[in-house]
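**Q**
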Amino acid sequence: VNQGDYEGSAAVFEKANAIFDQRPEVMLTLGQIYAQLREHDKALENLDRAMAIINDPVKTAAMDSATVEAWKESAVDVPTIKAGVLADAGRFEEAVGLFETLVAESPGDISLKRNLAAILVQVGNTERAFEVYDDLMAQPSLMSQDYYAIGVGFYQASAYDRAAEAFKGAAEKAKNDRDALEMYSRSLQLDS
Numbered sequence: 306v307n308q309g310d311y312e313g314s315a316a317v318f319e320k321a322n323a324i325f326d327q328r329p330e331v332m333l334t335l336g337q338i339y340a341q342l343r344e345h346d347k348a349l350e351n352l353d354r355a356m357a358i359i360n361d362p363v364k365t366a367a368m369d370s371a372t373v374e375a376w377k378e379s380a381v382d383v384p385t386i387k388a389g390v391l392a393d394a395g396r397f398e399e400a401v402g403l404f405e406t407l408v409a410e411s412p413g414d415i416s417l418k419r420n421l422a423a424i425l426v427q428v429g430n431t432e433r434a435f436e437v438y439d440d441l442m443a444q445p446s447l448m449s450q451d452y453y454a455i456g457v458g459f460y461q462a463s464a465y466d467r468a469a470e471a472f473k474g475a476a477e478k479a480k481n482d483r484d485a486l487e488m489y490s491r492s493l494q495l496d497s
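The sequence shown begins at 306 in our numbering and counts up one residue at a time.
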């Protein structure tokens with residue numbers, strides 16, 4: 306995995322799973338590897354199998370508390386990974402539904418909101434995407450990359466005036482960011 310040989314590492318982890326298929330750590334790792342390989346069904350299958358073990362009170366009762374706690378900690382990001390896999394697979398309706406749930410559970414998570422809005426733009430639901438982006442623009446703690454991602458969303462939806470505002474925010478937060486300045490200029494030009 307560390308060498309970037311995802312195919313080779315997947316084969317090794319599959320063998321580990323064949324020997325003992327009750328360790329969610331292996332399945333979580335396989336889920337992430339298959340996500341990198343864009344083998345969406347295998348990624349989702351492994352993530353779901355891992356979560357089934359982690360959420361099974363009978364199986365967790367048979368393990369020591371430190372192991373169960375480690376499993377739960379490693380499972381925290383699974384819903385976000387799964388939503389990303391669904392989006393990458395073109396299963397946008399499912400991805401939007403999952404991101405909506407995640408945003409409802411963590412309304413202050415800027416990254417989740419950015420991802421939700423980006424998918425909404427992709428599927429053509431610009432009205433809802435703009436609601437999410439407007440909510441984000443009102444956040445006082447945005448970083449340059451947040452403003453930039455919002456600007457990209459507005460830009461892709463041809464809302465150049467709003468894109469310019471977001472790219473301006475990115476440029477103000479990171480004064481030497483050439484990309485932010487370029488996209489700010491392009492947005493201003495396209496908005497006349």
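Ideal Cβ positions, reconstructed from N, Cα and C, are used throughout, including at glycine.
Which of helix, strand or coil does DSSP assign to Arg-491?
**A** It is helical.
**Q** By the three-class DSSP mapping on this structure, what secondary structure does Pro-445 have?
**A** In this structure, Pro-445 counts as coil in the three-state DSSP scheme.
**Q** Here's a check: name, in chain order, each residue in its chain whose Cβ is nearer than 6 Å to the Cβ of Tyr-311, leaving out the five neighbours to either side.
**A** So the qualifying residues of the chain are Ile-338, Gln-341 and Leu-342.
**Q** Cβ atoms of Val-401 and Leu-425: under 8 Å apart, would you say?
**A** Yes; because the gap between Cβ atoms is below 8 Å, this pair is in contact.
**Q** Going by other Cβ atoms of all chains shown within 10 Å of its Cβ, with 16 needed for buried, is Glu-344 buried or exposed?
**A** Buried: at least 16 other Cβ atoms inside 10 Å.
**Q** Relative to the alpha-carbon of Val-457, which residue among Ala-479, Ala-316, Arg-433 and Ala-422 has its alpha-carbon at the smallest distance?
**A** Out of Ala-479, Ala-316, Arg-433 and Ala-422, Ala-422 has the C-alpha closest to the C-alpha of Val-457.
**Q** With a cut-off of 8 Å on the beta carbons, I'd call Ser-449 and Ala-468 a contact; round off their distance for me.
**A** 15 Å between Cβ atoms; not a contact.
**Q** Within a Cβ cutoff of 6 Å, which residues of the same chain sit near Ala-394, ignoring the five residues on either side of it in sequence?
**A** Cβ within range, chain order: His-345.
**Q** DSSP three-state call for Arg-396: helix, strand or coil?
**A** Three-state result, Arg-396: coil.
**Q** Excluding the five sequence neighbours on either side, which residues of its own chain have a C-beta within less than 7 Å of the C-beta of Val-331, listed in chain order?
**A** Once the five neighbours on either side are set aside, the close Cβ partners of Val-331 are Phe-318, Ala-321 and Asn-322.
**Q** Restricting to Cα atoms, I'd like to know which of Val-408, Ala-380 and Asn-430 is closest to Glu-398.
**A** Ranking Val-408, Ala-380 and Asn-430 by Cα distance to Glu-398 puts Asn-430 first.
**Q** In chain order, what residues of the same chain have a beta carbon less than 7 Å from the beta carbon of Lys-347, not counting five sequence neighbours either side?
**A** Answer for Lys-347: Tyr-339, listed in chain order.
**Q** Can you check which of these residues, Ile-358, Asp-484 and Thr-385, is closest to Phe-325 by C-alpha distance?
**A** Comparing Cα-Cα distances from Phe-325 to each of Ile-358, Asp-484 and Thr-385, the minimum goes to Ile-358.
**Q** If we call anything under 8 Å between Cβ atoms a contact, is Tyr-438 one with Phe-459?
**A** Against a cut-off of 8 Å, the Cβ pair of Phe-459 and Tyr-438 comes out as a contact.
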